[in-house]
Every structure is written in C-alpha cells, then in structure tokens.
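Counting with the UniProt record's numbering, you get residues 1 to 294 for the letters of the sequence shown.
Backbone N, C-alpha and C fix where the C-beta goes; we use that ideal spot for every residue, glycine too.
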Amino acid sequence: MSTLVAAEVPESRSSSGFRFAMLLPGALVTFLLILFALGLVLFLAFRGNDGSLLGVGLTVENFVTVATDPLYWTVTLRSLVIAGLVTLATVVTAYPVAYYLAFHAGRRRGLLLFLVTLPFWTSYLLRVFAWKIVLAYNGVLNSALIESGIWSEPTLAFLNTPAAVVVTLAHAYAPFAILPIYVALDTIPKSLLEAASDLGARPFTAFRRVVLPNSMPGVLAAALVVFVPTVGDYVTPAMVGGPASTMIGTLIQSQFGKANDWPFGAALSVCVMLAILVVVLVARGADRKFGSRT
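What follows is the structure in structure tokens.
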C-alpha cells in the first residue's frame, strides 16, 4: 500500500508540472496581448498629448472633452444604434437558418454547416469590397433595377448610407450569429418537443413555449458576438458608409492616425469599452433570467 502511494505522488507531481507547462504559453499570450494592451490604453487615457508616444503628465481632460463635446456623444449614439440594428438584423435572419440546421437538415447538415462557415475562408475586406460593387452607382443592384425596368437611371440611394453599413455588417457577421444559435437549438432534447406534441401543443405553440425559451442563451450569445465588434468597426463605414455613417471606431482610428493624439484616442476607447461592458452585463443578467426559467 505504501509503495502504491509513493508511486502515485511523483506521477501527480509530473502531471501538475505538465499542465503548468501547457498553460504557461497561453497565460503569457493572454497577459502580453490582452492585459498589457488594456493597461497601456488605460494609462494613455489619463495622459496629456505633447506629440510623444506615451504623452505627458496625468490629466482627466480627455474624458472631460468626451463628456462635454456633443460630437462624440452623437457619434457614440449613432454607433450604438447602427450596431443594434446590425445585431437585430443578423439574429433575426440567422435564427431560421440555425433552426433548419438543428431540426430539418438531416443528412445535409454537415454540408450546410460547411457552407455557413465558408465566408470565413475569404477576407473580410474582400466581402466589404463585394458589397461596395453591388451597391455602387453603376453597381450590380442599380444595373439590375434598370434592366428590369423598375428605374430608368442609377441612384445614389444605396451606397454611402447607414443602411449600406447595416447590410454589409449583417452579412459579414451572419456566421457568428448562426453557429451559437444552432448549438443552443441542437442541445434541446427532442423529448421535450415530443412531450409538447403529446400534450396537444401545435407546432407554433411548441416553438413559442419550448424551443424559443431554451434557445435564448444562444440568441444572447450571438447578439453579443455581433454587437461588440460592430460598435467599434471603422473599415465598413469608411468603405460603404458616408459622413452620415461615421462611427466611433472611425474617430478613434483618426486620433491614433492623422491627429496623432494617442491619449485622446485611448480615452475614447475606454469610454467605448465601458459602454460595451454595460451591454454585456445587461445581457448576462438576461441570460441568467432565461436560464432560471428553463
């Protein structure tokens, strides 16, 4: 017995050392690329701009400017509204696709999941350029409307509008919404649907009372996955939007670029992160609420 215990002690120590060695690279990457970067942004946010990389002194003037200048409030509100519309459009269109994959795809499920993830194989910029070609003045959409006789001449109503930004972002982030909703739907026990049918529930009633509540964690996860990156997106508004579609990410990028005001850009970034944190906390509370119900 004592020999067996003695043999197990070195083995447990070696397994602990192995786990530590495996976790160390990931921990270092997390610290260097995430925690250090966030700490640097927070440090810069309280610095004054003197043209140098790290600024000078300690000040709250950057946050005062953000709080008192109507421009940044307007752009931030516009960013939240556009991100909210993108999230709504993406989740609403992704849910039927995920529902079909979970309950009706059958043997074609693997192929359809492959097609859903196929956009990941192409560049994000390439997809944005494709939408720019579709929505342009002499683009695919205008040409199709003219050929069909609906319009007699091209229009500028599609490109350089907030609607173009919403459509482009919704298409770009559709796979990010489909997959978590599909996972949530696929984990619903089929016995629940059978029990609802045996109790006389019609298909829509079973969906409303069984499927939708149990899939809400996946819906909330999809909403967060889409909402968080779209709030700070600046590539898509710059390419298919216009002055009326300027988002907070564009202002942050300009502060780190042309304006060369890294402290103020960091302060804007911190304010956006705080706004996103509030949204995440609200979504987490909603997730717990739905979880307790189900």
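- For G48, the beta-bridge partners assigned by DSSP are V56.
- For L58 and L42, the gap between their C-alpha atoms comes out near 12 angstroms.
- Counting only runs of at least 3 residues, the stretch 184 to 232 fully encloses no beta strand (DSSP E) element at all.
- The beta carbon of D261 is closer than 8 angstroms to those of N49, Q255 in its chain, skipping five residues each way along the sequence.
- Contact annotation: A221 and P180 have beta-carbon atoms nearer than 7 angstroms.
- Counting the other CB atoms within 10 Å of its CB gives Y173 a total of 16 or more, which places it among the buried residues.
- Using a Cβ distance threshold of 7 angstroms, G249 and N160 do not count as a contacting pair.
- In this structure, the CA atom of T168 is about 43 angstroms from the CA atom of G200.
- If you check the CB distance, S79 and V280 do not come in under 7 angstroms.
- Pairing T90 with A164 gives a Cβ-Cβ distance that is not under 7 angstroms.
- Taking the CA atoms as reference points, S191 sits about 17 angstroms from F204.
- The residue among S15, S52, P162 with its C-alpha nearest the C-alpha of A244 is P162.
- For Y124, the enclosing alpha helix (DSSP H) starts and ends at 124 to 135.
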